[in-house]
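Down below is the structure, laid out as C-alpha coordinates.
In this note's numbering, the protein residues as written are 356 to 500.
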(Lines of atoms letter the chains of each structure in order from A and count residues from 1; the text may use other names and numbers.)
(Lines give C-alpha, C1' and ligand atoms only; values in the text may rest on other atoms or scores of the structure.)
Protein backbone atom coordinates (compact mmCIF):
# COMPACT_ATOMS: atom_id res chain seq x y z
CA UNK A 1 0.00 0.00 0.00
CA UNK A 2 2.78 2.41 0.86
CA UNK A 3 4.49 1.71 -2.45
CA UNK A 4 1.32 2.47 -4.41
CA UNK A 5 0.90 5.74 -2.50
CA UNK A 6 4.53 6.67 -3.18
CA UNK A 7 4.11 5.96 -6.90
CA UNK A 8 1.07 8.22 -7.09
CA UNK A 9 2.81 10.99 -5.18
CA UNK A 10 5.80 10.71 -7.47
CA UNK A 11 3.58 11.29 -10.50
CA UNK A 12 2.11 14.42 -8.93
CA UNK A 13 5.45 16.23 -8.91
CA UNK A 14 7.83 17.16 -11.68
CA UNK A 15 7.60 19.06 -14.94
CA UNK A 16 5.25 18.90 -17.88
CA UNK A 17 6.29 20.63 -21.11
CA UNK A 18 3.94 21.78 -23.87
CA UNK A 19 3.73 24.38 -26.61
CA UNK A 20 1.21 27.15 -27.20
CA UNK A 21 1.61 28.74 -30.62
CA UNK A 22 5.35 29.46 -30.81
CA UNK A 23 5.92 29.54 -27.04
CA UNK A 24 7.51 26.68 -25.12
CA UNK A 25 5.82 26.24 -21.74
CA UNK A 26 6.61 24.18 -18.65
CA UNK A 27 4.42 23.57 -15.62
CA UNK A 28 6.55 22.87 -12.56
CA UNK A 29 4.99 21.01 -9.64
CA UNK A 30 7.01 20.86 -6.43
CA UNK A 31 6.24 19.50 -2.96
CA UNK A 32 6.34 22.23 -0.31
CA UNK A 33 5.30 19.97 2.59
CA UNK A 34 3.01 16.99 3.15
CA UNK A 35 0.03 17.36 0.80
CA UNK A 36 1.03 20.94 -0.08
CA UNK A 37 2.25 21.57 -3.61
CA UNK A 38 3.61 24.60 -5.38
CA UNK A 39 2.82 25.14 -9.04
CA UNK A 40 4.66 27.49 -11.36
CA UNK A 41 4.57 28.19 -15.07
CA UNK A 42 7.57 29.05 -17.23
CA UNK A 43 7.10 30.41 -20.75
CA UNK A 44 10.09 30.49 -23.08
CA UNK A 45 12.30 29.77 -20.06
CA UNK A 46 11.00 32.72 -18.02
CA UNK A 47 8.62 32.70 -15.05
CA UNK A 48 5.08 33.72 -16.04
CA UNK A 49 5.42 37.11 -14.31
CA UNK A 50 8.59 38.04 -16.23
CA UNK A 51 7.15 36.77 -19.53
CA UNK A 52 3.95 38.80 -18.98
CA UNK A 53 5.95 41.91 -18.09
CA UNK A 54 8.02 41.61 -21.28
CA UNK A 55 4.93 40.95 -23.43
CA UNK A 56 3.17 44.00 -22.01
CA UNK A 57 6.07 46.14 -23.24
CA UNK A 58 5.95 44.82 -26.81
CA UNK A 59 2.22 44.26 -27.30
CA UNK A 60 -1.22 45.64 -26.52
CA UNK A 61 -4.19 43.40 -25.77
CA UNK A 62 -7.94 43.93 -25.77
CA UNK A 63 -10.67 41.44 -24.89
CA UNK A 64 -14.30 41.83 -25.84
CA UNK A 65 -17.50 39.91 -26.56
CA UNK A 66 -19.40 40.40 -29.82
CA UNK A 67 -22.67 38.60 -30.50
CA UNK A 68 -21.99 36.23 -27.60
CA UNK A 69 -18.50 35.25 -28.81
CA UNK A 70 -15.29 36.17 -26.95
CA UNK A 71 -12.45 37.85 -28.83
CA UNK A 72 -8.87 38.61 -27.89
CA UNK A 73 -7.12 41.19 -30.07
CA UNK A 74 -3.36 41.57 -29.82
CA UNK A 75 -1.19 44.20 -31.51
CA UNK A 76 2.53 43.47 -31.62
CA UNK A 77 3.96 46.97 -31.44
CA UNK A 78 7.36 46.15 -32.91
CA UNK A 79 6.03 44.49 -36.09
CA UNK A 80 2.51 46.03 -36.16
CA UNK A 81 1.16 42.50 -36.60
CA UNK A 82 -2.45 42.10 -35.57
CA UNK A 83 -3.94 38.91 -34.13
CA UNK A 84 -7.59 38.07 -33.44
CA UNK A 85 -8.10 34.94 -31.34
CA UNK A 86 -4.55 33.76 -32.16
CA UNK A 87 -5.10 34.15 -35.91
CA UNK A 88 -2.89 36.61 -37.78
CA UNK A 89 -5.10 38.94 -39.80
CA UNK A 90 -4.51 41.20 -42.74
CA UNK A 91 -5.56 44.79 -42.16
CA UNK A 92 -5.48 48.10 -43.99
CA UNK A 93 -2.98 50.38 -42.26
CA UNK A 94 -2.25 54.03 -42.93
CA UNK A 95 0.42 56.00 -41.11
CA UNK A 96 1.23 59.70 -41.25
CA UNK A 97 3.69 61.77 -39.21
CA UNK A 98 2.60 61.13 -35.62
CA UNK A 99 -0.51 59.01 -36.02
CA UNK A 100 -1.91 56.04 -37.86
CA UNK A 101 -4.93 53.83 -38.19
CA UNK A 102 -5.39 50.12 -38.75
CA UNK A 103 -8.80 49.10 -40.10
CA UNK A 104 -10.02 45.51 -39.96
CA UNK A 105 -13.16 43.43 -39.61
CA UNK A 106 -14.23 41.14 -36.77
CA UNK A 107 -17.01 38.91 -38.13
CA UNK A 108 -18.93 41.82 -39.66
CA UNK A 109 -18.03 44.37 -36.98
CA UNK A 110 -15.84 47.30 -38.04
CA UNK A 111 -12.69 47.70 -35.96
CA UNK A 112 -10.35 50.70 -36.00
CA UNK A 113 -7.09 50.75 -34.10
CA UNK A 114 -5.81 54.29 -33.77
CA UNK A 115 -2.13 54.84 -33.13
CA UNK A 116 -1.27 58.31 -31.81
CA UNK A 117 2.08 59.69 -30.74
CA UNK A 118 2.16 61.64 -27.51
CA UNK A 119 4.57 64.08 -29.15
CA UNK A 120 7.13 63.30 -26.47
CA UNK A 121 9.72 60.69 -27.48
CA UNK A 122 10.05 59.60 -23.84
CA UNK A 123 6.38 58.69 -23.58
CA UNK A 124 4.79 55.67 -25.19
CA UNK A 125 2.62 55.77 -28.27
CA UNK A 126 -1.09 55.51 -27.48
CA UNK A 127 -3.10 52.66 -29.01
CA UNK A 128 -6.89 52.97 -28.91
CA UNK A 129 -9.25 50.32 -30.29
CA UNK A 130 -12.77 51.09 -31.49
CA UNK A 131 -15.25 48.36 -32.46
CA UNK A 132 -18.52 49.55 -33.99
CA UNK A 133 -17.42 53.07 -32.94
CA UNK A 134 -17.23 52.05 -29.25
CA UNK A 135 -13.86 52.51 -27.54
CA UNK A 136 -12.55 49.28 -26.04
CA UNK A 137 -10.24 49.59 -23.04
CA UNK A 138 -7.13 47.47 -22.97
CA UNK A 139 -7.57 44.17 -21.08
CA UNK A 140 -11.17 44.92 -20.15
CA UNK A 141 -14.25 42.91 -20.89
CA UNK A 142 -16.82 44.35 -23.32
CA UNK A 143 -20.12 42.72 -24.18
CA UNK A 144 -22.27 44.21 -26.96
CA UNK A 145 -25.35 42.22 -25.87
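We put the CB at the ideal spot given by N, CA and C, even for glycine.
According to the DSSP assignment, residue 414 belongs to the beta strand (DSSP E) that extends over 414 to 421. By the C-beta density criterion, residue 466 is buried, having at least 16 other C-beta atoms within 10 angstroms.
In this structure residue 439 is in contact with residue 461, their Cβ atoms being roughly 6 Å apart against a cut-off of 8 Å. When C-alpha distances from residue 464 are compared across 424, 374, 387, the shortest belongs to 424. Comparing C-alpha distances from residue 406 to each of 485, 474, 381 shows the shortest one belongs to 381. Our two residues, residue 433 and residue 441, have alpha carbons roughly 17 Å apart in a direct line. Check the Cα spacing between residue 443 and each of 368, 370, 376: the tightest is with 376. Your pair residue 374 and residue 494 does not check out as a contact, with CB atoms roughly 24 Å apart and the cut at 8 Å. Counted as a single uninterrupted DSSP element, the stretch harbouring residue 492 is not any beta strand (DSSP E), since DSSP gives it neither H nor E. Going by C-alpha positions, residue 394 is about 36 Å away from residue 422. Contact annotation: residue 457 and residue 470 have beta-carbon atoms nearer than 9 Å.
When DSSP states are grouped into helix, strand and coil, residue 408 belongs to the helix group.
Here residue 370 is bridged, per DSSP, to 383.
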